[in-house]
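Reading the sequence shown from the start, the letters are residues 0 to 786 in numbering that gives the first Met the number 0.
In this text, a Cβ means the ideal position worked out from N, Cα and C, and glycines have one as well.
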Amino acid sequence: MARSVIAFFMLVFLLVEPSMAQVRELDARASQQTRIISQNAVELTTSSPDLAEIRSALARQRENVVSLEAELVALRDQTQDQLSRIGEEVEGESESVSERRSALQSELDTLTEALSRTTGNLDEIDRLQSEIDDLRRREFYKGLVERGPMLVSPSIWSDAFSGFGEKYGALTEGGTPVLELQSDEPISRLTWLQVGAVLVLALLFAIPVRRYLNQKIVKPLGDDDRTGALSAVVGLVRAFIRALPSLLGLFALYHATAMISLGSDVLRFADQKLWIVPAILILLEAVSRIFMSSRAPLPPFNMDSRRMSGLVTTLILAMVSVVGVDHILHAEINLFAGVEDAELIRRGIVAILLAGLVFFTARVWKSEKTDAAAEDDEGSPLLVDNRAFAIPGVIRTGLTFLSVVSLAGALFGYEALAHFVMTRVVLIGGLLLLALIARAALKQIALVVTGRVFRSKLSSETGADLIDFWVSLFVDILVIAAIAPIALLLVGLEWEVVRRILTTMATGFSIGPVRISVIQILIAIAVFVVLVMLTRFVQRTAEKRVLSRLRVDQGIQTSLKTLIGYVGLVIAFITGVSMLGFDLSSLAIIAGALSVGIGFGLQSIVNNFVSGLILLFERPIKVGDWVVTSSGEGIVKKISVRSTEIETFERSSILVPNSELIANSVTNWTHKNRLGRVNIPVGVSYNEDPDRIIALLESIPAKLDDVLEVPEPQVLFMGFGDSSLDFELRVFIADVQKSIITRSKVRVEIFKLFRDENVEIPFPQRDLHIRSSDIGDLNTSRDDKKS
C-alpha cells in the first residue's frame, strides 16, 4: 500500500517537474552566451574596434542573459522544491524513488552551474561595458585637449569658405536650390489662401493676443497679493500664459510651411531644430521676464533692482540664443561633410561669445550691498528667502576664471575644449536656475499642504521652523534627484552610462554581503514616515474624539497618548527595518551585543527608560499633578523616555530622572483627586477669650466661595505660644492647586474681622537698655573729634 502511494506521488511529480531536455537547453544557451561575450571581448582588443557597435551588441546580449537568469532561477527553485518533497534517502525505499532523486539532484547541479555561468556573464558584460565607456570617454576628452589650428589664422577662414563653397556647389549642382517646394504638383489658390490665413493667425497670436493676455491676466496675477503663499507657482502659470500666444504663432508658421512643403535637402537636418530652438527660447524668455522682474519680485530670485533685473535677463537670453543658434549651425554644418574648418570656426566663435557673456554675468550678478555687508553674507546659503538672489563670490570667481581661460583657448587652438566648457557652463547654469524655480514652487505647494495638515504646529515659531526644515529637505532631495541625470548627460556622459547608474541605484549595489538599494531605502523611509504620521493621527483622534468624550482624567489621557506614540514608533521602526530587507532574527544578536553595553555604560539610561514606562502604566504621577520631590516642588508638565519635567511656581523647569521618582518617596497632592485641606495658623493676645476667637474664626469660611461645606471647616486651639494664643483654621477646597490663593483670601478676611472686633494680634517687642557710663564715653569721644 505504501509503495502504491509513493508511486502515485512520483507520477504527479513527473507530470509537473521540468524535463532534463529543458535543463540541457537552458545550459546550452548559457554556454552560447558565454562564447558570444568572449568574442565581443576579443573584438575589443583589435587595433580599431567599433566601440559603438560592440556596446550595442553587449546591451542586446545583456537583455538575453537577464531573461535566461530569470528562467534558470525559476527552474532551479522548482527542482529544489521537487527534491525537498522526495526527502532524504531512507532504508528500504523504492528503486524508482532513488533514481528520481538522483535525476533531480543532477538537474539541480546542472542548473546551479548554468546559473553561476550566467551570473559570470552578467559580470563580464558589465566589465566590458565599463571598459568601452572608459575608452570612449578617454577618446572624447583626448579630442578636447588636442590643440588645433588657431582661430586667428587667416588660412582657416579661407579654407572654410572655399570648402563650404565646394560642398554647396556639389549639393546645388543640377539646379537644386537651398529653398524649394518639395511637391511637384502646383499649389492651388485655395492652398495659398489657407497659408495666408495661417500666417495672419500666427501674426495675431504673436502680437495682439500676446499683448492682451499680458495686460488682462499676466500683470494682474503679479499684482494680486492673495497669491503670496503660491507666488512661484503663479509665476510659472504667468510665464506659460505669456509664452502661449507666441508658441501658437510659431506652430501656425510651421503648419504654413508644411502646407506648401517648403524645404530642401540642405535644410533637412536642421529642420527640426529650426522649430524646437525658437520654442525653447520663447519659453525661457517668458520665465526670465516673470521671475527676473523687479516690478513684482518672485522667489527664488527676488529681484529688487530694475537695473540688475534688465541686465541679468538680457545676458541670460543672449546666452540661450547663442547656444540655440550653435545647435542649428552644428546640424547644418554636419551636412557639409569634410568642412572641418567651418566646424572649427563655429566652435571658436561660440566659445568666444559665451565666454564674454559668462564673464559679464559673473561681474554683474552680485549683491548690491556695501562691501562690509557683502563680506558678512559671503558664507550665506545660495538661496535665502525674501532676499535678492546673487551669485556667491566663490562661484563668480570660478566663472570669471573659466571665461578668461576659455577665451584664450578659443583664440589659440583649443576651441573644442573652450566650446565644451562654455556650453556646459551655460547649460548647467541654466539647469540650476530652473531647478531653483522648481524648488521654490514645490516648496510653496508642500508648505501649503502641510500647513493644512499640521495647522496646530504653525501656531508656534518652533513648529513652523521644524515644518519648514523638513519640507525644504524633502524638496531639495526631490529636485536633486530630478536634475542629477540631466547634469550627468550635460557633462558628457552617454545615456547608456547614466541609465546604468540609475539602474544600479534603483536595483541596488553590494558592499560585501550587504546589498544597498536607494529605492528600497526611500521606500522604507516613506513607510516609516507614513506610519509615524498615522500614529500621530491616532493620538489626536483618541485624545479629542474618544478620551475627551469619555471624560477621562487629563493625566490618564496624556499617559495613553504617550503609550500610543511609543507603540506606533516601535511598529514603524520594525516595519521600516523589514522593508530594508534586514532579517529581524539578526536583531537578537544586536540585542545581545547591546546587553553588554547596557550592563556597563547604558545602565542608567535603560533604568530611566524602564522607570518611565512604569510611571506611564502605574501612574503614581501624571501630567498636571502637583508633586513634591527631593529635587523640588511644582506641576508635572511632561513624562518623557528619560526624565520628567516639573515646572515650579517660579516658572522654572526641573528635569527629574524617572528612576529617582520610582526609587524615592514623592508627595503627590493630586494623586487620587484634587480635594485638599488648607491650614491657616493665627495668634491672638493672651487677653482674648478663646471661645470668642473660635466663634469668630468659624464665621470666616462662609464668606469664601472656594471653601467647601463638606468636609466641614475646623478651628482648633493649638497651644500657648511665647507671646500669643495659637489657633488654626482648617478648611477644604475642591482644587488643591488653589491653596495658596485660598490662604491669602482667608488671611485677608481674618485681618478684617479681627480689626472690626478689636482683637489684638501680638507681635514681638524688644526693650533697649542704655547704661549711663556708655553715654559718658560717647560724649568724650565726640569732644575729642571736635578738638
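| Item | Value |
| --- | --- |
| Could you tell me the distance, in whole angstroms, from the CA atom of E94 to the CA atom of T117? | 35 angstroms |
| Exposed or buried, what is G337 when buried is set at 16 or more other beta-carbons lying within 10 Å of its beta-carbon? | In this prediction, G337 has a pLDDT of 49, which is less than 50 and means its spatial position is unreliable; what the coordinates show is noted afterwards. Looking at its Cβ environment, which holds fewer than 16 other Cβ atoms inside 10 Å, G337 is exposed. |
| Let me confirm a value: D80 is counted as buried when at least 16 other C-beta atoms fall within 10 Å, else exposed. Which label applies? | exposed |
| In its own chain, which residues sit with a C-beta less than 6 angstroms from the C-beta of L282, not counting the 5 before and 5 after it? | A242 |
| E331 to D125, Cα distance in whole Å? | 37 angstroms |
| Measure from the alpha carbon of A849 to the alpha carbon of each residue in V730, S30 and F290, then state which is nearest. | In the structure as shown, the chain begins at 0 and stops at 786. Residue 849 is therefore absent and cannot be evaluated. |
| Please classify L103: does DSSP put it in a helix, a strand, or coil? | helix |
| Please determine, among I732, I476, P761 and R498, the residue with the shortest C-alpha to C-alpha distance to S722. | P761 |
| So E646 and I634 are in contact, right, with Cβ under 8 angstroms, and what is the actual spacing, rounded? | 5 angstroms |
| When burial is assigned at 16 or more other CB atoms within 10 Å of the CB, is D375 buried or exposed? | A caution first: D375 carries a pLDDT of 46, below 50, which makes its placement in the model unreliable, though a value can still be read off. That one is exposed. |
| Excluding five sequence neighbours on each side, which residues of the same chain lie with their C-beta closer than 8 angstroms to the C-beta of R641? | I604, N607, F608, G611, P656 and N657 |
| Under 7 angstroms between the Cβ atoms of I570 and Q538? | no |
| Check whether the stretch 492 to 499 and the stretch 421 to 434 are in contact - that is, three or more C-beta pairs closer than 8 angstroms. | no |
| Would you tell me roughly how many angstroms separate the C-alpha atoms of R307 and L121, rounded to the nearest one? | The sequence as given places Met at residue 307; Arg does not occur at that position. Distance between the alpha carbons of M307 and L121 is about 55 angstroms. |
| Nearest-angstrom Cα distance between V144 and L343? | 14 angstroms |
| Determine the DSSP secondary structure at T312, reduced to helix, strand or coil. | helix |
| Please classify E414 as buried or exposed, where buried requires at least 16 neighbouring CB atoms within 10 angstroms. | buried |
| Assuming the contact rule is C-beta atoms closer than 8 angstroms, M149 and F411 should be a hit. Round their C-beta distance to whole Å, please. | 5 angstroms |
| For the candidate residues V89, M578 and S83, whose alpha-carbon lies nearest to that of Q104? | S83 |
| Near A440, what residues of its chain come up, given a Cβ to Cβ distance below 7 angstroms and the 5 sequence neighbours on each side ignored? | A231, V232 and L235 |
| Which partner residues does I645 have in the DSSP bridge list? | V635 and I653 |
| How about P712 and P700: are their beta carbons less than 7 angstroms apart? | yes |
| Taking the alpha-carbon positions, what's the K702 to R746 distance? | 12 angstroms |
| When you compare the CB positions of F716 and R676, do they come within less than 7 angstroms of one another, or not? | no |
| I need the straight-line Cα distance from A228 to H670, nearest angstrom please. | 48 angstroms |
| Check for me: the alpha helix (DSSP H) holding N607 runs from which residue to which? | Q602 to E617 |
| Helix, strand or coil, according to DSSP, for F268 in the structure here? | Low local confidence applies: a pLDDT of 41 at F268 is under 50, so the model's placement there is unreliable, and no value is given. |
| From which residue to which residue does the alpha helix (DSSP H) around V714 run? | Element bounds for V714: not the alpha helix (DSSP H) but the beta strand (DSSP E), Q713 to F719. |
| Please report the distance separating the alpha-carbon of L180 from that of R135. | Note that L180 has pLDDT 46, beneath the 50 cutoff, so the model's placement of it is unreliable and no number is given. |
| Can you list, in chain order, the residues of its chain whose CB lies under 7 angstroms from that of G827, leaving out five sequence neighbours each side? | Residue coverage of the chain in this structure runs from 0 to 786, which leaves residue 827 outside it and unanswerable. |
| Considering only DSSP beta bridges, list what P680 is partnered with. | E727 |
| Rounded to a whole number of angstroms, what is the C-alpha to C-alpha distance between E791 and I613? | In the structure as shown, the chain starts at 0 and stops at 786, and residue 791 therefore has no counterpart that could be examined. |
| What would DSSP say about V709, mapped onto helix, strand or coil? | coil |
| Would you kindly check if the distance between the Cβ of W668 and the Cβ of V714 is under 7 angstroms? | no |
| Could you tell me the distance, in whole angstroms, from the CA atom of R61 to the CA atom of L398? | 42 angstroms |
| For G718, does the count of other Cβ atoms within 10 angstroms reach 16, so buried, or fall short, so exposed? | exposed |
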